[in-house]
Amino acid sequence: MAAEVGKKEEIMGKVKITGKSHVKPSKVIGRKECQLVTFDLPYLAFYYNQKLLFYKGGDFEEKVEKLKDGLRVVLEEFYQMAGKLGKDEEGVFRVDYDDDMDGVEVLEATAEGISVEELAADEGTTSLKDLIPFNNILNLEGLHRPLLSVQVTTLLTSSNLF
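Okay, here's the thing in structure tokens:
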């Protein structure tokens, strides 16, 4: 257990957030509300659904800007992802979006001394979750946090730039 905690601190100490921005739909949407149905409500008690993707090579800053440009277009149709959870007068949850909200959170980070090979190893799989922003955070935190957060991390090793 102590070794696992030490490994987590080691990984988190290597990941540094270098930038934070927000992305909103590229067109004006206005204020929208999307009522959650009974089927949706149990998911509020689940942890955030997180995905981790690896890409190799390329200009990091250029890739991040392309990602944000594409996200702006996608959010025109899926604007709810740029919103937050809200409640109506009766306490029923909904998704709220307004053009005045911050939008999707985009974090840029670097991780020095961590390689894809290290993360792909069997013992490295526990380290994967330490690289992503909203670990152990329930969906219910969408009342205070954005519904979608994207972290783009470049892995810096002595031999390669990912």
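Numbering-wise (the numbering used here), the sequence shown opens with residue -16 and increments by one. The C-beta atom is built at its ideal place from N, Cα and C for all residues, glycine as well.
Under 8 Å between C-beta atoms of Pro8 and Glu59: As a first step, residue 8 must be located in the sequence shown, where it is residue number 25. As a first step, residue 59 must be located in the sequence shown, where it is residue number 76. A contact, by the Cβ cut-off of 8 Å.
Beta-carbon separation (whole angstroms), Gly69 vs Arg77, contact threshold 8 Å: On the sequence shown, position 86 is the one that residue 69 refers to. On the sequence shown, position 94 is the one that residue 77 refers to. Correct: roughly 5 Å between the Cβ atoms.
Span of the alpha helix (DSSP H), counted from its first residue to its last, around Gly41: Counted from its first residue, the sequence shown places residue 41 at position 58. It is not in any alpha helix (DSSP H) - Gly41 carries neither H nor E in the DSSP assignment.
Paired residues, beta bridge with Thr136 - DSSP: The residue you call residue 136 lines up with position 153 of the sequence shown. Thr136 is bridged to Ala92.
Val78, enclosing beta strand (DSSP E) - first and last residue: The residue given as residue 78 occupies position 95 in the sequence shown. Val78 -> beta strand (DSSP E) spans Phe76 to Tyr80.
Alpha-carbon to alpha-carbon, Gly41 and Phe29: Along the sequence shown, one-based indexing puts residue 29 at 46. Along the sequence shown, one-based indexing puts residue 41 at 58. Rounded to whole angstroms, Phe29 to Gly41 spans 35 Å at the Cα level.
Distance CB(Lys67)-CB(Leu121) smaller than 8 Å: Within the sequence shown, the letter at position 84 stands for residue 67. Within the sequence shown, the letter at position 138 stands for residue 121. No.
Contact set for Met84: own chain, Cβ-Cβ below 7 Å, skip 5 residues either direction: Here the question's residue 84 lines up with position 101 in the sequence shown. Excluding sequence neighbours, Met84 sits near Ala65, Gly66 and Lys67.
Through-space distance from Val56 to Leu130, alpha-carbon basis: Mapped onto the sequence shown, residue 130 falls at position 147. Mapped onto the sequence shown, residue 56 falls at position 73. Distance between the alpha carbons of Leu130 and Val56: 17 Å.
Three-state secondary structure assigned by DSSP to Glu16: What you label residue 16 is simply residue 33 of the sequence shown in a count that begins at 1. Strand at Glu16.
Residue interval of the alpha helix (DSSP H) (run including Val99): Along the sequence shown, read from residue 1 onward, the residue named residue 99 stands at position 116. Run containing Val99: Val99 to Ala103, per the alpha helix (DSSP H) assignment.
Bridge-paired residues (DSSP) for Ile0: The residue given as residue 0 occupies position 17 in the sequence shown. Ala92, per the DSSP bridge assignment.
Integer Cβ distance of Asp79 from Glu124, believed to fall under 8 Å: Looking up residue 79 in the sequence shown gives position 96. Looking up residue 124 in the sequence shown gives position 141. Not really, about 15 Å apart at Cβ, beyond 8 Å.
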